[in-house]
Amino acid sequence: MRTQLQHPFSAEKPTAMDTASDHVHSGQGQGIISEVVYFDDQQAVGHILLPLLRQLGKQSRWLLWLTSSRKLSRLWLEQSGLPLGKVVQLRESPAFDTIASMEKALLTGNYSAVLGWFPQELTEEERVRLRDAAQRGGSFGFVMYPQKGFSRQSGQFPSLKIQSTLYH
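Position one of the sequence shown corresponds to residue 118 (this note's numbering), numbered consecutively onward.
Okay, here's the thing in structure tokens:
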């Protein structure tokens with residue numbers, strides 16, 4: 118997972134979890150962008166992001182999911198302990214620009230977390246745009262994309278997966 122954050126007040130460089138914890142508990146703070154790279158046969162949201170999303174769901178702000186054309190499962194949201202009244206999903210259409218949508222959502226500061234699924238790794242310019250928007254809006258941004266070029270059978274880097282029961 119790649120995390121870009123800035124913490125100008127500390128002589129020691131904080132870890133992503135330190136910054137995330139401070140941000141979640143204070144209900145405000147500097148925004149960060151984290152990239153989660155996953156294999157299709159592994160779970161990412163349930164094991165890695167779900168505890169953080171539950172904490173963020175306690176804030177007065179929304180949780181935004183920018184996803185593929187599949188709809189989020191209401192049952193999965195309920196079982197996961199996420200606040201149904203605070204989860205918003207925008208499903209992608211052919212004219213959907215996920216980068217621009219994610220950037221605008223992060224800038225508003227109305228979302229404690231914005232999760233965006235992408236077909237591939239972002240460019241450096243896209244990362245900078247999203248990082249700047251997250252910092253200005255004080256939001257978490259999670260960039261999710263599939264691992265390409267590594268075979269799990271070859272023993273290369275076990276990574277993460279989007280839980281299949283997340284959608285219906």
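C-beta: ideal position from N, C-alpha, C; glycine also.
### Query
Per DSSP, Ile-216 is paired with what?
Its beta-bridge partners do not exist; DSSP assigns none.
### Length-filtered (3 minimum) beta strand (DSSP E) runs lying within the region 226-264
As far as the region 226-264 is concerned, its whole beta strand (DSSP E) runs of at least 3 residues are 228-234, 257-263.
### DSSP bridge partner residues for Ile-149 (one or two, in chain order)
Answer by DSSP bridge pairing, in chain order: Phe-257.
### Query
Where does the unbroken beta strand (DSSP E) through Leu-207 begin, and where does it stop?
Where Leu-207 is concerned, the enclosing beta strand (DSSP E) stretches over 204-208.
### Message
Short of 8 angstroms in beta carbon distance, which residues of its chain neighbour Ala-230, apart from the five on each side in sequence? Order them along the chain.
### Response
Annotation for Ala-230: Leu-169, Leu-170, Leu-173, Leu-180, Leu-181, Ser-256, Phe-257, Gly-258, Phe-259 place their beta carbon closer than 8 angstroms to its own, counting only its chain and skipping 5 residues before and after.
#### Entry: 7 angstroms CB neighbourhood of Thr-215 in its chain, flanking five on each side removed
Within the same chain, Leu-183, Glu-209, Gly-233, Phe-235 come within 7 angstroms of Thr-215 by CB-CB distance, once the 5 residues on both sides are set aside.
### Query
Which same chain residues, not among the five before or five after Gly-226, have their C-beta less than 6 angstroms away from its C-beta?
Correct list, in chain order: Gly-254, Gly-255.
### Query
How is the alpha helix (DSSP H) around Gln-194 delimited, first residue to last?
It should be pointed out that residue 194 corresponds to Leu in this sequence rather than to Gln. Note, Leu-194: alpha helix (DSSP H), 191-197.
### Task
Assuming Lys-252 contacts Gln-147 (C-beta within less than 8 angstroms), just tell me the rounded distance between them.
Per the sequence shown, the amino acid found at residue 252 is Gln instead of Lys. Confirmed, about 6 angstroms.
### Query
Excluding five sequence neighbours on each side, which residues of the same chain lie with their C-beta closer than 8 angstroms to the C-beta of Pro-125?
With a pLDDT of only 37 at Pro-125, under 50, the local geometry of the prediction cannot be trusted, and the value read off the model is given with reservation. No residues qualify anywhere along the chain.
### Task
Starting from the C-beta of Met-261, find all residues in its chain whose C-beta is less than 6 angstroms away, skip the five residues before and the five after it, and write them out in chain order.
Within the same chain, Met-261 has close Cβ partners Val-153, Trp-234.
### Query
Who are Leu-169's beta bridge partners in DSSP?
Per DSSP, Leu-169 has no beta bridge partner at all.
### Task
With distances taken Cα to Cα, identify the nearest neighbour of Glu-242 among Tyr-228, Pro-263, Ser-185, Glu-220.
Ranking the options by Cα distance to Glu-242, first place goes to Glu-220.
### Tyr-228 versus Leu-199: straight-line alpha-carbon distance, rounded
Note on geometry: alpha-carbon atoms of Tyr-228 and Leu-199 lie some 14 angstroms from one another.
### Query
When burial is assigned at 16 or more other CB atoms within 10 Å of the CB, is Phe-156 buried or exposed?
Counting Cβ neighbours within 10 Å, Phe-156 comes out buried, since at least 16 surround it.
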